[in-house]
């Protein structure tokens, strides 16, 4: 059944009898006002009858906008469809007097901006969903300069959280049978250990001991939302190079004891902040256990991304700190031991303003319920590895029976779960002052 | 790729290490409190880590509940997760003083109940979505007795409106190649002209001049949301029997001039109030125009469902009014003409408290932008036809160039679009008093 | 990818520039000569260039033929494309002189009729394959009256054996998710215990302890080639009624110990003689073992179709023999015991001219390597059961370790494998004369 | 429905009770005799019961063979299952005496070797078909050294012709949505203008004016059988470089007037001689006409592969002839004109022993009904272009109304269809001696 063609087709029929923009308006460079007018029409009663046609027109115009025009549009939309502050004040006064549920309902309604309804009405075909994700990605770029856009972004985030709710995600293995366009997206989106070419990609999915899993949404067919790369191994890996090297020995996956998650990449900037990653890892663990019941350990091999800067920014430390393979290789055992102790301290004990680890990768896995298991020296000489972490990498371990307990201790008390050796290392750090 | 099996699988793994209900709690008849506790846990930080397992447990318990237990649960949920009235009052006061956007945001948050988040967290697998639709269907049954459940239902409705947004619906033709389970659902859900058995169903999809189209959601694979039955004809049909009869002459669809929508059925009680029907008809018109460009007219053949009762309830009218085929056949031409005039008046001019037509079918098509085109005498002798409308049926016509205009006139002024002959008939009605 | 539409489309292009029949020839009632001319053209060098168009024309004409015209066509084709007897004689003479492999090759070529090439050239699109199967089904009806058509039929059989080779068959479970059109075919083709309506069909696929498996060919999408109906039970069934009854107790398939094949139906008359059934049962056993490893026994519950007639035709037996339920129920224990003994003798020892069992169902299962396990009294009161076998049914048992041994003993020595009790029963038959 | 898994699974069950090779036989290096024994068993009555298991064993052993062992196996099979020459002589004698159809049938049977039945029995699962194609590819390598294998190869060819009959092929567009494994195969099999890397591949399928079509067989999912690369252009192309270059101007396919087939690659050596290419081009023309009705011309841009050698082998011609771009560029207009005239002569008039063009590409397109349209100077400087054809390329044109006529003239009289300018060029060739 040719669903897509039925759905995505906008025939001559749909465009007749509809109060669209005039041809003159459509051809000239669109401005924010024209588009805001279109949005108002889309939100009006006419929008019910002609939503499909109006939304097509919106996207046609939107895609012609350059960055400043988009910024202007977001500001205009933000202003036009925000809550009316005075209306809110009036109803709030009423509510304080009555405390009635009816007035509460009205209050709740007037206090909310119209952004959500607008976003919904722009989603008239399966193909629109990705456009909306990209639109939020545009919006995010203007946020720092325009704090007033924050409420608009919060509504985008709410709507997308609802649409990309876990029940709407499907886990798929990505492999050599996947459409080439999907693999090309994987190549493009890999953010941790960049995929240089198709040979490099093949090394990560063709061997029987290498897998990629991704989360997908039905409306974004060839676009993974997030994916994780897995190496099946016989021990916890202590460096990235052996995992990615070209002529390594491939093992029979049925002899593997360990699943190592060596790269996790979010693909859609427009889904920033929508929780996907924690679901992903747990579901992949499920699937791997089913396929290979002999697997005993589920660990990551993770970069440490903020340690280097944090050290360099410390005015009390001797400088310069090493940043190249040569410098790192040249370090004395004592110096490397000391750096490892500092890294343990940094991950386990250094907190940002919100009481959570400064390092985002650490924050992610600890927040998921994993524990910091081991630090590996001379593990990460590619890319930003030397600069970011003096080439140190971390293993976070997912112990199924501890996930919930760890997660809750982290959420309620900010406790970072660490293995005993890490605790010992951190204790020896120069930062561990009594 | 075996997506479903990966997604819907809840292995031993997922259930280990999770603070689930004790076996003793699970085996006894579940009570509302136990389930509300589960919901609180699902909404807590633990819910992040163990959402899948907790939601499975919720559904396991929910499905054991009888009607009174469900009612009790809805009341408990409604109370537990409602907005805190005093918090709202406090923030409202603050807002009135400051009128600041930050406080507005807080106000908006505290004024909203937690129901939406709860519903989202119950949707952890593709299979959950249908369960949530059924849960709302349960809720609707208790609404009349428990007006306090209305805010809860409103949130259900908002969440489902977001999830069943047009961009997530796919139009599919339902035919003899569809899975039997889907066709059985069509048989079950047909609400206007009941499908008695598979032969009857076959008559509506096998001939080349009969089609069914439905809207589907990806997570509800074999469950149509709404479907419309179409007859391709050479004139506007004036009775239902010739459309459904067994050994009628089948026409070549390429010679048809008219597409007659003779039955529209909503399938999911739990989606009551979520707009689906208006999208459906317009998209079907699109698809039909593409497949059979020679089609000129798009009309319905619709029952009138409230006319009979309205007439009988009128204390001033002579009684009894006819209710059987015999009585209707026996009527004089003048009497039938008079009844037709009254029917025209009823549909075109009688309004409910909200200013819209009393008849829901009329309200639906007029609201979609159609116009009332013709009334047909002795058209509907099956089912409730004689009792509901003295066997009169209506044709509503979808004139593509007028849809938006009609729709807007209706929305803004309550205007019911009617063809000139209907206007004349209504003018002659006994109800048309100067 | 819209493969089918690309393949099956015969555009204006394909029909231009091709020496097709004239319109006048196409419109008149086609005769055998016209079609034979078309076949000659299809086999000629032009056929290479225009095969698709010529074959479309062939099918267009063929489908207009009535039975006598088809018979005439088969006779004409048979004559036109047979081997040339004199050419064969010439080459045979040459061969006897030379005994050279080159001449052997020529001999092999001239001795073979051109039918195979003709059939191949008629198979130009996926949709043609079913037409060819139906064409052979037509041919089979004329065979008895026209023994000269036998060589043509043998070539049809060879070609279809090649095309429906095991490697081209796929096993599929047929269930409530199958397309309605496929289920309707199952309903139509069930030959043993007729399916009366969709409710009856539902009873055979909806309960968890009832399954249907079929063999399919890629080019015949909704047409099963053969299917077997399976009941999962806790003991070897001894009558058909409890299996098919409406409100029986459904069992959990994981508690079943026995898979009973209670009906096997060949669907395509045109595939008569092409081996399908023996593959089917063994593959279904494989699949069932995988799904339900606890299954211990694989048996049939089979009708006996020739026993009644064989008894009635025996001039020495007392008549009349019972033919109704009442008569069978009224028989004395001794009489029934005696009939069972005769049935055991009939199945185990009575052979047709080819040395194999007279009963075709027995021949099929024994030929597959099963053994005759048990006879059941008062087991088959529906349909032709009473007349064909005095309502006796047989269980044939597939013992995996014995299948090959049984099969080979049967093929080489005509040995019918029977369980010890059957051997005893047969020994007590009146036919067992020393 | 998990067809493949059901079909391709060979469980413990299938292997029990079957007279398989002993473990000792399986582990040692397999020899031809062991495998021939297995084949005999497969062809025996046991093969009926245990065909699946025996064939699995065959493939397991076959895949362990090195080239000499394969050669030995083919020779052994060829001898073991050939027709019995004396039997043939006996029956031939009988036939000469009787000329009866019954004896003819026997003669036809004894004259045919058993190879076809063996091949059929090796095809027990969908996955076997590709193995058989590869097995024939192996066989072809030994043919020249072992002419006695020719009859075996002829039977392979017959069986594969039957299995890869046009009705079993599906045309598919190969594009960026195809599985990566399929695209990798395209990359591997491109034989005319090699695809160097994925970027090069992308250039041939991503732009809207570039397409690849392939023929596929259901049992060889990711393996194209043959594919053709198409450029949509606005004039008949006169060189290959502009078609393949990196930053050329992409045109809107709806403005194209010409479809240029610039590369056709057979993918399966094991299908050598099975007709696929002529079907392919005509069906692609059909599909292109449907998608882009404005297309007017369907031409190839083809290499000339034998011209260079033919010229160099001519003892009467002055040597050396140019073989590099520099030498060709340096030629005088007269010299190039003379070479073009010779090329025209070579393609249009030089015939091999079978009366058909010496050049295989010419033979293919002319045999398909195309005509030689134009020769292009300095058109093919990559690969073997300069050496094979002094960089000349040919356009063959498919004129729909002439295809059948051209094809037939070629088949019956060896006539090569050429455009008038080609005729003129050929007449001016030095080879055109009166």
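Residue numbers (this note's numbering), protein chains in the order written: chain A, 80 to 513; chain B, 80 to 513; chain C, 80 to 513; chain D, 80 to 513.
Here a beta-carbon is modelled for each residue, glycine too, at the ideal position from N, C-alpha and C.
Is there contact here, the region 483-497 of chain C with the region 445-453 of chain C, by at least three beta-carbon pairs under 8 Å?
-> With the cut-off at 8 Å, the region 483-497 of chain C and the region 445-453 of chain C touch.
Take residue 508(B) and list the residues in its own chain whose beta-carbon comes closer than 6 Å to its own, dropping the five residues that flank it on each side.
-> So the list reads 420, 421, 424, once near-sequence residues are dropped.
Going by the beta-carbon positions, is the gap between residue 378(C) and residue 414(C) smaller than 8 Å?
-> Cβ atoms of residue 378(C) and residue 414(C): not closer than 8 Å.
Taking Cβ-Cβ distances below 8 Å as the criterion, which residues of the region 252-276 of chain A are in contact with chain D?
-> With the criterion set as a beta carbon lying under 8 Å from some beta carbon of chain D, the members of the region 252-276 of chain A are 255, 256, 257, 258, 259, 260, 262, 263, 276, in sequence order.
Segment contact flag, the region 207-226 of chain C with the region 255-262 of chain D, C-beta cutoff 8 Å, min 3 pairs = The region 207-226 of chain C and the region 255-262 of chain D do not touch, with fewer than 3 CB-CB distances between them shorter than 8 Å.
Could you give the uninterrupted runs of the alpha helix (DSSP H) lying entirely in the region 442-494 of chain C, keeping only those of 4 residues or more?
-> Taking only runs of at least 4 residues, the alpha helix (DSSP H) segments lying wholly in the region 442-494 of chain C are 464-468, 482-492.
Chain A contact for residue 245(B) (CB, 8 Å cutoff) = Cβ-Cβ to chain A under 8 Å: yes for residue 245(B).
Would residue 548(C) count as contacting chain D if we go by Cβ distances under 8 Å?
-> Lying before the first or after the last residue shown, residue 548(C) is absent from chain C, which here runs from 80 to 513.
Could you tell me which uninterrupted beta strand (DSSP E) segments, each at least 3 residues in length, are contained entirely in the region 365-442 of chain D, listed from first to last along the chain?
-> Correct list: 376-379.
Taking only beta-carbon positions, decide if residue 242(D) is within less than 8 Å of chain C.
-> So yes, residue 242(D) belongs to the interface.
Exposed or buried, what is residue 500(D) when buried is set at 16 or more other beta-carbons lying within 10 Å of its beta-carbon?
-> So residue 500(D) ends up on the exposed side.
Short check: CB of residue 372(B) to CB of residue 464(B), under 8 Å?
-> No, Cβ-Cβ distance for residue 372(B) and residue 464(B) is not below 8 Å.
Where residue 162(B) meets chain A, residues with beta-carbon distance less than 7 Å = Those are 183, listed as they occur along chain A.
If you measure from the CB of residue 225(B), is any heavy atom of the ligand ADP nearer than 7 Å?
-> Ligands in the displayed structure: none, and consequently the ligand ADP is not present.
Would you identify the three-state DSSP class for residue 339(D), choosing helix, strand or coil?
-> Strand.
Min CB distance residue 167(D) to chain C below 8 Å | Chain C contact via Cβ: present.
Could you pull the start and end residues of the beta strand (DSSP E) that residue 253(B) belongs to?
-> Looking at the DSSP string, the run of the beta strand (DSSP E) that includes residue 253(B) is 248-253.
Below 8 Å CB to CB, which residues in the same chain sit around residue 488(A) once its five sequence neighbours on both sides are set aside?
-> Counting only Cβ-Cβ distances below 8 Å, and skipping sequence neighbours, we find 494, 496.
Just curious, the alpha helix (DSSP H) that residue 501(B) is in, first and last residue?
-> Its alpha helix (DSSP H) spans residues 499-506.
Per DSSP, the bridge partner or partners of residue 291(B) | Looking at the DSSP output, residue 291(B) shares a beta bridge with 253(B), 308(B).
Alpha-carbon spacing of residue 512(C) relative to residue 433(C), whole angstroms | Cα-Cα distance, rounded: 22 Å.
Out of 277(C), 272(C), 248(C), state which residue places its alpha-carbon closest to the alpha-carbon of residue 262(B).
-> Taking only the C-alpha atoms, the option nearest residue 262(B) is 277(C).
Is residue 379(D) close to chain C, meaning its C-beta is less than 8 Å from at least one C-beta of that chain?
-> Not closer than 8 Å to any Cβ of chain C, the Cβ of residue 379(D) fails to qualify, so no.
Buried or exposed (CB count within 10 angstroms, at least 16 for buried), residue 393(C) = Exposed, since its Cβ has fewer than 16 Cβ neighbours within 10 Å.
Taking 8 Å as the cut-off, decide whether the C-beta atoms of residue 248(B) and residue 294(B) are in contact.
-> Cβ distance < 8 Å, so residue 248(B) and residue 294(B) count as in contact.
Can you tell me the Cα-Cα spacing of residue 90(C) and residue 134(C), whole angstroms?
-> Low confidence applies to residue 90(C): its pLDDT is 48, below 50, so where it sits in the model is not reliable, and the reading given next is rough at best. Residue 90(C) and residue 134(C) have their C-alpha atoms spaced approximately 14 Å apart.
Just the C-alpha distance for residue 116(A) and residue 154(A), rounded to the nearest angstrom, thanks.
-> Put simply, the backbone Cα of residue 116(A) is about 14 Å away from that of residue 154(A).
Starting from the beta carbon of residue 191(A), find every residue of chain F whose beta carbon is closer than 7 Å, and list them in chain order.
-> The chain inventory of the structure shown lacks chain F, comprising the protein chains A, B, C and D.
Within the 8 Å Cβ cut-off, does residue 203(D) reach chain C?
-> So yes, residue 203(D) belongs to the interface.
Exposed unless 16 or more other CB atoms sit within 10 angstroms - verdict on residue 462(D) = Counting Cβ neighbours within 10 Å, residue 462(D) comes out exposed, since fewer than 16 surround it.
Straight-line gap, residue 213(A) to residue 121(A) (C-alpha atoms, nearest Å) | Taking the straight line from one Cα to the other gives about 20 Å.
Should residue 504(A) be labelled buried (16 or more other beta-carbon atoms within 10 Å of its own) or exposed?
-> Residue burial is scored here from C-beta neighbours: residue 504(A) has at least 16 other C-beta atoms within 10 angstroms and is therefore classed as buried.
If you measure from the beta carbon of residue 172(D) to each beta carbon in chain C, is any gap under 8 Å?
-> So yes, residue 172(D) belongs to the interface.
Might you give, ordered along the chain, the residues of its own chain that have their beta carbon closer than 8 Å to the beta carbon of residue 470(C), omitting 5 neighbours on each side?
-> The beta carbon of residue 470(C) sits closer than 8 Å to those of 404, 407, 456, 457, 458, 459, 460, 464, all from its chain and outside the five residues before and after it, given in chain order.
Can you tell me the Cα-Cα spacing of residue 498(A) and residue 426(A), whole angstroms?
-> In a straight line, the C-alpha of residue 498(A) is about 12 Å away from that of residue 426(A).
With a cut-off of 8 Å, does the C-beta of residue 236(B) fall near any C-beta of chain A?
-> Not closer than 8 Å to any Cβ of chain A, the Cβ of residue 236(B) fails to qualify, so no.
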